[in-house]
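Engineer: Chains as they are written, first to last, in my numbering: chain E, 52 to 245; chain F, 175 to 479.
1. Which residues in chain F have a C-beta closer than 8 Å to the C-beta of residue 164 of chain E? List them in chain order.
2. So what's residue 303 of chain F in DSSP terms, helix, strand or just coil?
3. Thinking C-alpha only, which one of F:226, F:324, F:422 is nearest residue 166 of chain E?
4. Can you pull the chain F neighbours of residue 112 of chain E, defined as C-beta to C-beta under 8 Å?
5. Looking only at its chain, what residues have a beta carbon closer than 6 Å to the beta carbon of residue 303 of chain F, apart from the 5 residues adjacent to it on each side?
6. First and last residue of the alpha helix (DSSP H) that includes residue 362 of chain F?
7. Alpha helix (DSSP H) containing residue 180 of chain F: first to last residue?
8. Closer than 8 Å is the cut-off here; do at least three beta carbon pairs connect the region 426-438 of chain F with the region 349-363 of chain F?
9. Buried or exposed: residue 255 of chain F, going by 16 or more other Cβ atoms within 10 Å of its Cβ?
10. With DSSP run on the structure shown, which of helix, strand or coil describes residue 259 of chain F?
11. According to the neighbour-count rule (16 or more other Cβ atoms, all chains shown, within 10 Å of its Cβ), is residue 470 of chain F buried or exposed?
12. Determine the chain E residues that contact residue 223 of chain F at a beta-carbon separation under 8 Å, and present them in chain order.
13. From F:393, F:307, F:394, pick the residue whose C-alpha is nearest to that of residue 352 of chain F; which is it?
14. Helix, strand or coil: how does DSSP classify residue 195 of chain F here?
15. Helix, strand or coil for residue 374 of chain F per DSSP?
16. Give every residue of the same chain whose Cβ lies closer than 6 Å to the Cβ of residue 477 of chain F, excluding the five residues on either side of it in the sequence, and list them in chain order.
17. What do you reckon, are the CB atoms on residue 295 of chain F and residue 247 of chain F nearer than 8 Å?
18. Residues of chain E with CB closer than 7 Å to the CB of residue 424 of chain F, please, in chain order.
19. Can you list the beta strand (DSSP E) stretches of 3 or more residues lying completely in the region 417-444 of chain F, in chain order?
20. Compute the Euclidean distance between the alpha carbons of residue 269 of chain F and residue 318 of chain F, then round it to the nearest angstrom.
21. Please name the residues in the region 191-219 of chain F whose beta-carbon is closer than 8 Å to at least one beta-carbon of chain E, in chain order.
22. Using the rule of at least 16 other Cβ atoms within 10 Å of the residue's Cβ for burial, across every protein chain shown, is residue 145 of chain F buried or exposed?
23. Would a check of beta-carbon distances place residue 241 of chain F closer than 8 Å to chain E?
24. Around the C-beta of residue 182 of chain E, are 16 or more other C-beta atoms found within 10 angstroms, so that it is buried, or is it exposed?
25. Along the chain, where does the beta strand (DSSP E) containing residue 481 of chain F start, and where does it finish?
26. With DSSP collapsed to three states, give me the class of residue 309 of chain F.
27. Less than 8 Å between CB atoms is the rule here; does residue 409 of chain F satisfy it with respect to chain E?
28. Is the number of C-beta pairs between the region 197-216 of chain E and the region 131-147 of chain E that are closer than 8 Å three or more?
29. By the DSSP assignment, the beta strand (DSSP E) with residue 382 of chain F in it spans what residues?
30. May I ask you to list, following chain order, the residues of the region 287-306 of chain F that have a beta carbon less than 9 Å from some beta carbon of chain E?
31. On the three-state DSSP scale, how would you describe residue 407 of chain F?
32. Would residue 90 of chain E pass as an interface residue toward chain F - the criterion being a Cβ-Cβ separation below 8 Å?
33. Assign residue 140 of chain E to one of three DSSP states: helix, strand, or coil.
34. Can you give me the C-alpha to C-alpha distance between residue 100 of chain E and residue 402 of chain F, rounded to a whole angstrom?
35. If distances are taken between C-alpha atoms only, which option among F:350, F:370, F:391, F:249 comes closest to residue 327 of chain F?
36. Measuring only between beta-carbons, confirm whether residue 169 of chain E sits less than 8 Å from chain F.
Written out as C-alpha cells, the structure reads:
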C-alpha cells in the first residue's frame, strides 16, 4: 500500500478516508445545491457545534456521527457520505437541538434521495414499493392473522374484497405518473416474500 | 364531523387486537364516537421509505388518502405515529399552492383533487378551505373526549400496575409539524394511564427512540435492536409490568426485539389495548396471543379478568 496520510476532519477527530489525501478534484462544489434541491436546508449554515451528534441515538452505537456527515456535505465529499445514508432513524432529536435550525435529519433524507438516484437502492425499499404496487399496502397479513381477525369478529380486510382492485389501480397510476417505478427499477409484480 | 379510522398497514396485518380495541373504545360499548370506515385508504405511505426516497410520490399517495377524507368532510384518526406524521406533514406540504398544484396534476390521472375542506367564514358568505385535519388517537381521546369521560367508563381499575410509557419519536417530533403534546415533557399518555388507575413510572431517557424508524429496522436490524435494548434496560430498572405505546411500529419493534437480548421480557401493548382492558373489554378479543412477549403475567395482575 502506498504511503498513507491522514486528514483532519471536524476538529480533533482524526479520520482516514480512502487511505489518501482528499484533493479538490474529488470534491463536488454543487453537492450542497443538490441537497437543497432534495429538500434539505443549506448545510453551510451548520456551526459544527456537535449538538446533533450528542443527542443522536445512532451516533452512540456505531461509527456514524451526524456532525461529521454534515461536514462532509459542506466539503462536497459525496463518496464519504455514501455509507451513512440509511442508518438515521429520523427521530428528529438533532432538529430539536440544532441552534442553526438546519434540521440534519432532513439532510440525511436528502442524501437518501441522492443515493437512490445514483443507483444505491437498499433491497427493502424495492420490496416495500413493490408490495405497495402489487397489493396497495406495504404489509401483508399471513393466514394466522386472518384467522385471528375472524375469531375476534373484526370486519373483513378491505384488501380481501374485489373493490380493492380499483385502489391498487389508483396507487399504480400515481407511481407510474411520478415515474417512481422507473427510479427504483421495479415492475410491481416481483416476488416480494421476505 | 365524524372521524375516519386510519389503521394503516401494521395494525390490521400484525396486531389486529389493536384494531379491535380502537373500534371497541370508540364504539357504542365504549365512548360512542361518530366514526366511519373508508375502505379505499391505502398505505399512508411509510415515511421511512417513501418520504426518504421520492417526495413527489410520497405526497401524491398521501394526498390520495386525504382526498378520501375530504369527500365526506371527515377528520382522519390515525392510531400509528408513522401514519400520523406522514399524513400531517402532507397537509402542510399541500398548504403551499405551488406544491398543491403539482400534486393535483398527478392526482388528476385518478380523478381526484385535493382542495381541503370548505368552511363558511363567520359573518360573511365567503368560503375558506381548511386542510383536512389529521389527528392522533391519543389526541382525540384526550382533547375531544376528555379524561373525565374515560374515568367514568373504567370498570376494571388497573390498581398496582406499573406502566412504562414509550411515546415514540413521531408523536413528539419534529415540532415544526407535530404539536399535540409538550415535546420535552409529554404528559397525555401518562395522564390517560393514570386515569385508568395504573401508575406511570418515570425512567431514564424515556423520550429516546425505539430504533426501528427511518428504515433502520429493515436495513440494519442489529442496530435497531441495540437501541431497543438500551431502552429496555432503563425500563426494567424501574420494574415496570408493561410497556405502553401509542405507536404500533414501536410496539412491533419492542415486541420482536426483546427475544434478541432477554429471556424475561416485558409485555408491550398499545395504549388502546390498555384502555380497553380497563374499560372492561373481553380480553380474549384483544389478540394478545399474537404478541411475541407473553401478556399473561400482566393479565394475571388485573382483578376481574
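Built from N, CA and C at the ideal position, the CB exists for glycine as well.
Structural biologist: Once the coordinates are examined:
1. Taking the first residue of the first chain as 1, we reach residue 164 of chain E at position 113. Under the 8 Å cutoff, chain F gives 226, 227, 228, 229.
2. Indexing the second chain from 1 puts residue 303 of chain F at position 129. Strand.
3. Residue 166 of chain E sits at position 115 when you count from the first residue of the first chain. The shortest C-alpha separation from residue 166 of chain E is found at F:226.
4. Indexing the first chain from 1 puts residue 112 of chain E at position 61. In chain order: 397, 400, 401.
5. In the second chain, the residue the question calls residue 303 of chain F occupies position 129. Once the five neighbours on either side are set aside, the close Cβ partners of residue 303 of chain F are 289, 290, 292.
6. The sequence position of residue 362 of chain F within the second chain is 188, counting from 1. Start and end: 362-369.
7. One-based indexing of the second chain puts residue 180 of chain F at position 6. Boundaries for residue 180 of chain F: no alpha helix (DSSP H) harbours it, while the beta strand (DSSP E) harbouring it runs 177-180, taken from the DSSP string.
8. The region 426-438 of chain F, when compared against the region 349-363 of chain F, does not touch it at the 8 Å Cβ threshold.
9. By 1-based counting over the second chain, the position of residue 255 of chain F is 81. Buried.
10. Start at 1 with the first residue of the second chain, and residue 259 of chain F comes out as number 85. The three-state secondary structure of residue 259 of chain F, taken from DSSP, is helix.
11. Start at 1 with the first residue of the second chain, and residue 470 of chain F comes out as number 296. It is exposed - the Cβ of residue 470 of chain F has fewer than 16 other Cβ atoms within 10 Å.
12. Looking up residue 223 of chain F in the second chain gives position 49. Correct list: 175, 176, 179, 180, 189.
13. What you label residue 352 of chain F is simply residue 178 of the second chain in a count that begins at 1. Looking at the Cα atoms, F:307 is the closest of the given residues.
14. Numbered from 1 along the second chain, position 21 holds the residue referred to as residue 195 of chain F. Looking at residue 195 of chain F - three-state DSSP - the assignment turns out to be helix.
15. Here residue 374 of chain F is taken as the residue at index 200 of the second chain, counted from 1. Residue 374 of chain F falls in the strand class under three-state DSSP.
16. Residue numbering aside, residue 477 of chain F sits at position 303 when the second chain is read from its first letter. So no residue of the chain qualifies.
17. In the second chain, counting from the first residue as 1, residue 295 of chain F sits at position 121. In the second chain, counting from the first residue as 1, residue 247 of chain F sits at position 73. Contact check for residue 295 of chain F against residue 247 of chain F fails: the beta carbons are separated by 8 Å or more.
18. Locating residue 424 of chain F in the second chain gives position 250, counting from the first residue. Within chain E, no C-beta atom comes nearer than 7 Å to that of residue 424 of chain F; the closest sits roughly 11 Å away.
19. With a minimum length of 3 residues, the continuous beta strand (DSSP E) runs that stay inside the region 417-444 of chain F are 442-444.
20. To locate residue 269 of chain F, count along the second chain from 1; it is residue 95. To locate residue 318 of chain F, count along the second chain from 1; it is residue 144. Straight-line Cα distance between these residues: approximately 25 Å.
21. Residues 191, 193, 194, 197, 211, 213, 214, 215, 216, 217, 219.
22. This structure cannot speak to residue 145 of chain F, because chain F is shown only from 175 to 479.
23. On the second chain, residue 241 of chain F is found 67 positions in, with the first residue counted as 1. Residue 241 of chain F does not count as touching chain E.
24. As a working mapping, residue 182 of chain E is identified with position 131 in the first chain. Buried, since its Cβ has 16 or more Cβ neighbours within 10 Å.
25. For residue 481 of chain F there is no data in the structure shown, the boundaries of chain F being 175 and 479.
26. For this step, residue 309 of chain F is matched to residue 135 along the second chain. Note: residue 309 of chain F maps to strand in three-state DSSP.
27. Numbered from 1 along the second chain, position 235 holds the residue referred to as residue 409 of chain F. No, no contact with chain E.
28. No, they do not touch.
29. Position 208 of the second chain holds residue 382 of chain F. Here residue 382 of chain F belongs to no beta strand (DSSP E), and DSSP marks it neither H nor E.
30. If the cut-off is 9 Å between Cβ atoms, the region 287-306 of chain F has nothing near chain E.
31. In the second chain, counting from the first residue as 1, residue 407 of chain F sits at position 233. Residue 407 of chain F falls in the helix class under three-state DSSP.
32. Residue 90 of chain E sits at position 39 when you count from the first residue of the first chain. Chain F, which has a Cβ nearer than 8 Å to the Cβ of residue 90 of chain E, makes this yes.
33. As a position in the first chain, residue 140 of chain E is number 89, starting the count at 1. The three-state secondary structure of residue 140 of chain E, taken from DSSP, is coil.
34. Against the first chain, residue 100 of chain E aligns to sequence position 49. Against the second chain, residue 402 of chain F aligns to sequence position 228. Distance from the CA of residue 100 of chain E to the CA of residue 402 of chain F, rounded to the nearest whole angstrom, comes to 27 Å.
35. Within the second chain, numbered from 1, the residue matching residue 327 of chain F stands at position 153. For residue 327 of chain F, the closest C-alpha among the options F:350, F:370, F:391, F:249 is that of F:370.
36. Counting from one through the first chain, the residue named residue 169 of chain E turns up at place 118. Taking Cβ atoms only, chain F never reaches closer than 8 Å to residue 169 of chain E, which makes this a no.
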